[in-house]
Each structure stands twice: as structure tokens, then as C-alpha cells.
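Here the structure comes first, spelled out in C-alpha cells, and everything after it is commentary.
Number of protein chains: 2
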Amino acid sequence: MLMIHNVNILTMNKEEENFNGFLTVEGNVFSEVKKGTPPQELIDQMDDVMDGNNKWLMPGLVNTHGHLGSSLLRGAGDDMPLMEWLEKVMWPNEGRFDKETVSIAAQVAMMEMIRSGTTTFLDMYHLHMDDMAELVLEKGMRAVLCRGMIGLSSEEEQEQKIQESVDLFHNYHGTGNGRVSVAMSPHAPYTCPPPFLQKVASAAVEHGMMIHTHLAETRGEVERHVKEYGKRPVAHLEELGIFNQPCLIAHGVHLNEDEIQILKKHHVAVSHNPISNLKLGSGIAPIPGMISAGLTIGIGTDSSASNNNLDMFEEMRMAALLHKGVHESPSVTNSEEILAMATHQGAKALRIKNVGKIEAGFKADFILIDAEQPHLTPANESTMQSHLVYSAKGSDVTDVFIDGIAQYSHRTLLKFDEEKILYQANHLAKNFV
Amino acid sequence: MLMIHNVNILTMNKEEENFNGFLTVEGNVFSEVKKGTPPQELIDQMDDVMDGNNKWLMPGLVNTHGHLGSSLLRGAGDDMPLMEWLEKVMWPNEGRFDKETVSIAAQVAMMEMIRSGTTTFLDMYHLHMDDMAELVLEKGMRAVLCRGMIGLSSEEEQEQKIQESVDLFHNYHGTGNGRVSVAMSPHAPYTCPPPFLQKVASAAVEHGMMIHTHLAETRGEVERHVKEYGKRPVAHLEELGIFNQPCLIAHGVHLNEDEIQILKKHHVAVSHNPISNLKLGSGIAPIPGMISAGLTIGIGTDSSASNNNLDMFEEMRMAALLHKGVHESPSVTNSEEILAMATHQGAKALRIKNVGKIEAGFKADFILIDAEQPHLTPANESTMQSHLVYSAKGSDVTDVFIDGIAQYSHRTLLKFDEEKILYQANHLAKNFV
Chain U
1 MLMIHNVNIL TMNKEEENFN GFLTVEGNVF SEVKKGTPPQ ELIDQMDDVM DGNNKWLMPG
61 LVNTHGHLGS SLLRGAGDDM PLMEWLEKVM WPNEGRFDKE TVSIAAQVAM MEMIRSGTTT
121 FLDMYHLHMD DMAELVLEKG MRAVLCRGMI GLSSEEEQEQ KIQESVDLFH NYHGTGNGRV
181 SVAMSPHAPY TCPPPFLQKV ASAAVEHGMM IHTHLAETRG EVERHVKEYG KRPVAHLEEL
241 GIFNQPCLIA HGVHLNEDEI QILKKHHVAV SHNPISNLKL GSGIAPIPGM ISAGLTIGIG
301 TDSSASNNNL DMFEEMRMAA LLHKGVHESP SVTNSEEILA MATHQGAKAL RIKNVGKIEA
361 GFKADFILID AEQPHLTPAN ESTMQSHLVY SAKGSDVTDV FIDGIAQYSH RTLLKFDEEK
421 ILYQANHLAK NFV
Chain E
1 MLMIHNVNIL TMNKEEENFN GFLTVEGNVF SEVKKGTPPQ ELIDQMDDVM DGNNKWLMPG
61 LVNTHGHLGS SLLRGAGDDM PLMEWLEKVM WPNEGRFDKE TVSIAAQVAM MEMIRSGTTT
121 FLDMYHLHMD DMAELVLEKG MRAVLCRGMI GLSSEEEQEQ KIQESVDLFH NYHGTGNGRV
181 SVAMSPHAPY TCPPPFLQKV ASAAVEHGMM IHTHLAETRG EVERHVKEYG KRPVAHLEEL
241 GIFNQPCLIA HGVHLNEDEI QILKKHHVAV SHNPISNLKL GSGIAPIPGM ISAGLTIGIG
301 TDSSASNNNL DMFEEMRMAA LLHKGVHESP SVTNSEEILA MATHQGAKAL RIKNVGKIEA
361 GFKADFILID AEQPHLTPAN ESTMQSHLVY SAKGSDVTDV FIDGIAQYSH RTLLKFDEEK
421 ILYQANHLAK NFV
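Line by line, the protein sequences are chains U and E. At position 382 of the first sequence the residue is numbered 382 (full-length UniProt numbering), and the sequence of numbers has no breaks. At position 262 of the second sequence the residue is numbered 262 (full-length UniProt numbering), and the sequence of numbers has no breaks.
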């Protein structure tokens, strides 16, 4: 058993709040989380005891939307709108990605995520998802994996893509002690014609799979959808059965109030990706309206090619700041809500249970933060929550545990040969853009 | 003489662009900045030679608006609008600040700024500005210091405040080898009645001082100004003579096109503080309009009590991202423009000459960045500019030189006892909020 004591804990548990205390980890779950000093007889039972002096401890961050395989395109095609960027930069380059490129890109992304405190992520990608599942198993992260499907292809190819998703589900869903889950993932209404979406919905129902898709990311795609089908995409997806299974949509930038109510009715969760939406000029999602409607909201970075990093501290901060300014009201979001989105609400959006709080019985996914730094000063129990949202950086993370196992210790990655992977990444990147 | 070679240099010089090369520093200026490998006979003349392998070198960042003395109020009064926050949190606490509190707060801020690559800052504060000037001289930074003046007081007090500003100017302007300048600083039109602003303008003209003031930060303050004086604040300040001297305004969130033209006519520069404006719910400044009008724009963090950090990399990124989303157009800002605002355009806004470019004859204010990290991968000459704006963190800075002198080396502050100052800061902070 592991104990961490003498540490300021952000529990994300409303009744418990934040306190200086200790926790114990037994297997992959927290066994005790308590205020104050641990009794000596408990300390004596431990295999490992860590002093958390000058550290803050919080749940690992949950990144609810991304595309790890495209990490080597970071910095390619800045200042372009979504469709131009996809058609001129992303798709032509991705068309030339081989197995090694995708694997190295995914490892760069995983290293970046662990280093900045992310313990769980969702990955939607169309290449080598079996390898991705094996990487997640090997590297110890928690992930939802989606074989992204573009339906603009022959019926045979469509069937094949769905079959690959189903196979991925049967081969990997629940593996790694439950760390890996698999979802069905049509790319977006503008790349998936209605008959394909119906097939996807049926397959998801048949196999009991969650669905993840891009939705209402740009104004143009919504307008074109209305022009082509005579209805807005949310109503259309509802009609096509996409919301009959547990569903998570990414973006939701251009949603009106009626559409938010449709999502609410079907318990559809939203992944809010504010930085990617700004960078691509897509717009600003109506988050205060979604909060009022009671939607489950997680936070996501999208890929490092449209962000351009995977730092969930930055993404939290953007989610906390942006809507205050747009609505000229500093109370439309608050640090507690934003931290929930980045932890247990994000896990809920991914349909992962018992993740995102520091509480007995929850999965031991947690991070430690070095609180003794100028930008986190003054550091005390009352400023901790505010500083984690409004001041902290991913680089403040010193230690990361996932499913009870250390993956990053004293700022060192334990399962990656970082220098080698970065060298390979820089070498491979020369083949693209 | 110092040489740094084998380094990727972001010159911020339009003709030269970025290249792998070397530079030499003689006294407080760059003597040579060139592509390629330095000749051996030049290397032989050096006192110190640094290999910049895997590093990026760029001009030190220029933070054009802040209040260092209030750093210990970081995290106090989140999610409140500007006036409520000033009246309930800032002013009552600041009223109880003593000399030591202000000095420790300023040192925490300076440590944070140097650590994250800021070499020049503007400070507007109302307490102990002589001590601040001495600190700047001692710690080696470049700064514009302003004794912030609220004019809601007796005529005698008003005169005294102006006299303090003039004394600060005569005692410190141009000291520290030109590192310190002093400006005249009325707080804002809503705290400075017209007759006081006229006196301020006359004193600035008389002594040849630049003027710095908050302007058009919130919608409410502009509306109240129109109600009280029958005109918008920009036209009013023009009439009162505030723009007769070189002038820098902070915020400019609620400016219409006519007002932007008035600022342009008088060469008034703007400090864009996007994060503080979002956090306080003030709104979003019309930066694309200001860019089109050709205003000189710098970037500023405002104080860590309304940001809540002083990381200019984050502020650059916010300035680069925000307007793309608001205007649903990814081309309204670009990384080159934003880097200029954070370097030589910021220096121009502060009326500081020969700062903000890596160019022979410019002041040797520069920073080194560790480019061998997952979130800066792929790292090469063509991605450097993009990554510095869209991916980098303040914590990527490894070395900082100001006026030719190292102030931060291998991530260690050379002129601060960091542990002691943070301890004192945490101790003093218990007296407030």
C-alpha cells in the first residue's frame, strides 16, 4: 500500500472540499482519504510513504477530445479556417502517415499529456487504432479509443470501417484492468451521410457502444447542413438514432437553445474545446447556456495541430476565462465548476465510473503539483482551488499516478525513452507539410 | 564579450527573419548577429562562449501593464466584476499594505516575470515607488515606473501626488544605464476628475513625461462618463490635453472606430490585457480594428490579482487566439504580429528605444528556451515562430539576459533568494483578505 501524507488535497468532493491530510492507495483505488495526520499503526502497514510537503494533490485531468496521431503536424497551417486546414494541411499529410509515424506521434502526445497532469484521454483517429490500444495498455494511461470514420466512401468501405470499430471494441473494451474503453465514432455530419449514420447508430446499439462525434463546430457546416437536409444537424442526428446510445459530442460551438434541450433530453455530453475553436476561427461555444441546462460538460484540447498543445491547465483556464469576457459577466463560470469539468464531469462525459475525485473507492488517478513557486504564491488551502484554475501550468506537475501506479515521478517519465522519441519525432516530421 | 552560437534565433527583424547562427554581446548591446558558424578568430576574442544547441533565442518579453505591489492578493476575489472587486477586495486590502508587503509582493512578481521570460515591465502603483525604483536598479530589470494617482482627493493631496510623480521622474528617469524610465500616471477617467487631469497633463508637458492611464476598460465606466460629462472618455481626454504628451493607455476594451482614430491621430499606444479583461468580465478589446488603424499595440498581464499570473507566453497566446474566435476568422491575428506586440512593439508603446529585436546595436535583452520538449515537437526553424506563440510556456525559459547581464541561468534566479522571499510572501499574505 502507498500513503501520501502532509499534503493539501483538492478532493473535488463537494462535502469534503479541500484539506491538509493524507490518503492511502490499495491496488488501483483510494482506500482512505482523510484530514490531518495519519495514525502510526496505519503508517506501519504501508509499503511506501511519501511526504507531500509544499505539494498540492488533485485528481488527474481528463481530456475528452483529441487526435493523438496528428501530433507531428503541430505548427502546420496556422491561421487557416477549419475546412481549408483539413483539406490543404491535415488530410494530404495524414494520407502519407505510416504505422511508425502514428506511433511516434501518439507517444509524443502521451508524454506531453502525462507531463502536464492528464491521466485520461479520448482519442479519435482513423489509423492504426489497434497499435494505439496496445500503447495505452503498455504506457499505463486511461483512455477511450475511437476509430474515427469518414463516411464519404463506398458502401463496402463504410461496412469495413464499422467492422473495424466493432472489432476494436471486442478486442480492447475493458482491457487493462478497465483502463481502456472503446467508442463508435462517425467523424461528423458533414463527412457522414445520413444512411451511414443510421448504420453506425444500429451497430452501436447492437454492440452496446458509446458514440462520439464532432458536432456543430463551425457556422458554415450548420448552414450547409440546413441547406442540404432542411434541418439543423442536432435534430437530424436525433432522428437518425445517434442519440439512442450514450453519446459525447465534440465542440457544440453553434448550438441554439432548442438544440441544447435536445442534447439534454438524450443525456448527450459535450466536450468543450475552447482553444481549438478559437484557433480555427470556429467561434465560442455557448457554455453558460449548457451549464444552465444541466448538460454534462467535459474539457478537451483537440489535437496539438489545432491547439497547439495538450495542456489541460491551459484549457481549463481558457474555459474559465473566455465566457466571462464574452458575456461581460465574471460570474458565468467559476473555478469549482471548471475543475469539475476537467475531472469527474469529464469522466462522466466519457462514461467512465469512479474517476475524477479523491475519495475512498475512486480509481487512484491523481497528480501532485509543486506549490512553492512565485506564480502560485500565496499558496495555502484557501488559494489552492483558484490557483489551479487561474495560475497553474502543466509544468507545475511533478508526479502522476494512474490506476494506482506511478507514471511520472519527480518530473521524470517512467515508461518512455523521452530523448529517443523526440529525436525520432523530429526526424519523421521532416517528411511532412 | 559574450558569444552564444549554434542556436536558432528569432530576430524579430523582418528582413533577417529566423535562422541558426550566433550572436555576440558587447557591454549592454548586441555587437554581431549572424547566420551560420562564427569564425575561430572571433571565438578567441570572447570571455564567455555558450553553445545554444536545442535552444531557441528570442528578444526578452515586454509586459506593458501591471501592478506589482498587489501580487499577494493573487486568488482573492475571483469571479467578481471590476468595480466590486476594486471596492471590496483590492482597495481595502491595499489600504493596509506596508513597505515590506509591497516590497515582497514586487519581488514575487519580478521573480515570476524573469522566470517566464519578461525582461521589461511597466508598473503602475501608488505605494513606495521609490523603493520599487531601487529594486529595479538592484535586480537588473528594465522598467517604466508610474506613481498611480487617484484624483478623488483634496487639491492639496492632488498636488502632492503630482509632485511625487515629478520627483520620481527627476530621481530615477534614465538611471541604471537607462534601464529605468518614469511616466506620469492618472489612474483612470472615472477616478480622476477633469480639473485634476488637466493639471496632470500640464505637469507632464512641463517635465517632458510620458503619460500612462487606464482607459475604457468596462462598458459601465464609459456609459457613466457619457452620462456625467456628455462625451465619451477618449474625446474628453483629448480635450483635457492628456494626449499632448506621448501616451499609453491600458485596456481600451470599449473603444469605437472614431475613438481608435483619435488615438491614432495622437500616436497613443495601447496595452492589450486580454486575460485580465476576460477574468473581470470587462469584455474583449477591438484589436483587429486597432491593427487595421495602425495603432502601436503592446501586450500586458495587468496584476496577478486579476490574471492570475504574469506569464507573457500565456498572454501572447490569448491575444493570438481570442480575436480569431470572436470574429470567426483565423486570419485576424497571426503569430508574427503577436510576437511583435510582445517585443519591439511593446517597447515602442513604452517609448523605449532599441529594445525588442535581436539585431546589432539593440539592447541585449534576450531569453533562451529549451526546445527539446514534447509540447515543442517537432522543433525546427520553420515551427519555431508558431510554437513560441501557440505552444510554449513561461516555464520553457532557461536563461534570461537583461542589458547584457545574465539574470536567470539554467532555470536559477541569480539575484533573488527565492525560497526566503516565497516564505515571507506566504507569511505576509495571512494578514490580508
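Even for Gly, the Cβ is constructed at its ideal location relative to N, Cα and C.
Interface residues of chain U facing residue i [CB-CB closer than 7 Å]
i                      : result
residue 391 of chain E : 74, 308 and 309
residue 81 of chain E  : 330
residue 223 of chain E : Ordered by position in chain U, no residue passes the 7 Å Cβ test against residue 223 of chain E, which lies about 12 Å from the chain.
Contact set between residue i and chain E, taken where Cβ atoms lie within less than 8 Å
i                      : result
residue 108 of chain U : 374 and 377
residue 291 of chain U : Correct list: empty, because the minimum Cβ distance to chain E is about 13 Å.
residue 275 of chain U : 321
residue 370 of chain U : Per Cβ cutoff of 8 Å: no residues; residue 370 of chain U is ~11 Å from chain E at best.
DSSP bridge partner residues for residue i (one or two, in chain order)
i                      : result
residue 413 of chain E : E:408
residue 20 of chain E  : E:8
residue 190 of chain U : Beta-bridge pairing links residue 190 of chain U to no other residue.
residue 494 of chain U : With chain U running from 1 to 433 in the structure shown, residue 494 of chain U is simply not present.
residue 143 of chain E : E:121 and E:180
residue 306 of chain U : For residue 306 of chain U, which the question treats as bridged, DSSP gives no partner whatsoever.
residue 26 of chain U  : U:29
Nearest-angstrom Cα separation, counted from residue j out to residue i
i                      : j                      : result
residue 190 of chain U : residue 362 of chain U : 39 Å
residue 82 of chain E  : residue 280 of chain E : 5 Å
residue 170 of chain E : residue 177 of chain E : 15 Å
residue 389 of chain E : residue 75 of chain U  : 10 Å
residue 182 of chain U : residue 317 of chain U : 29 Å
residue 220 of chain E : residue 97 of chain E  : 29 Å
residue 107 of chain E : residue 302 of chain E : 16 Å
residue 427 of chain E : residue 53 of chain U  : 16 Å
residue 91 of chain U  : residue 154 of chain U : 18 Å
residue 85 of chain U  : residue 71 of chain U  : 15 Å
residue 12 of chain U  : residue 259 of chain U : 30 Å
residue 55 of chain U  : residue 33 of chain U  : 16 Å
residue 124 of chain E : residue 143 of chain E : 11 Å
residue 246 of chain U : residue 254 of chain U : 21 Å
residue 331 of chain E : residue 16 of chain E  : 23 Å
residue 339 of chain E : residue 35 of chain U  : 47 Å
residue 49 of chain U  : residue 43 of chain U  : 7 Å
First and last residue of the uninterrupted alpha helix (DSSP H) at residue i
i                      : result
residue 219 of chain E : 219 to 229
residue 97 of chain E  : Element bounds for residue 97 of chain E: n/a, residue is neither H nor E.
residue 277 of chain E : 274 to 279
residue 384 of chain E : 381 to 390
residue 78 of chain U  : From DSSP, residue 78 of chain U is part of no alpha helix (DSSP H); its letter is neither H nor E.
residue 242 of chain E : Premise fails: residue 242 of chain E is in no alpha helix (DSSP H) and is neither H nor E.
residue 166 of chain U : 155 to 172
residue 258 of chain E : 257 to 265
residue 427 of chain E : 418 to 429
residue 40 of chain E  : 40 to 44
Residues that residue i contacts on chain U, provided the C-beta gap is smaller than 8 Å
i                      : result
residue 387 of chain E : 74, 75 and 308
residue 149 of chain E : In chain order: nothing, as chain U lies at least about 27 Å away.
residue 284 of chain E : 325 and 326
residue 111 of chain E : 374
residue 51 of chain E  : Residues of chain U passing the Cβ test: none, with the nearest at roughly 17 Å.
Residue range of the beta strand (DSSP E) that includes residue i
i                      : result
residue 289 of chain U : Segment 287 to 293 is the alpha helix (DSSP H) holding residue 289 of chain U; no beta strand (DSSP E) there.
residue 63 of chain U  : 61 to 63
residue 31 of chain U  : 29 to 35
residue 397 of chain E : 397 to 402
residue 299 of chain E : 297 to 299
residue 51 of chain U  : 48 to 51
Contact list for residue i against chain U, beta-carbon separation under 9 Å
i                      : result
residue 46 of chain E  : Within chain U, no residue comes near residue 46 of chain E; the closest Cβ sits about 30 Å away, beyond 9 Å.
residue 394 of chain E : 375, 393 and 395
Contacts that residue i makes with chain E (C-beta to C-beta distance below 9 Å)
i                      : result
residue 219 of chain U : 328
Proximal chain E residues relative to residue i, where beta-carbon distance stays under 7 Å
i                      : result
residue 287 of chain U : Those do not exist, as residue 287 of chain U stays about 13 Å from chain E at its closest Cβ, beyond 7 Å.
Of all the alpha helix (DSSP H) runs that stay within the bounds of the region 311 to 373 of chain E, which reach a length of 4 or more residues?
312 to 326, 335 to 342 and 344 to 349
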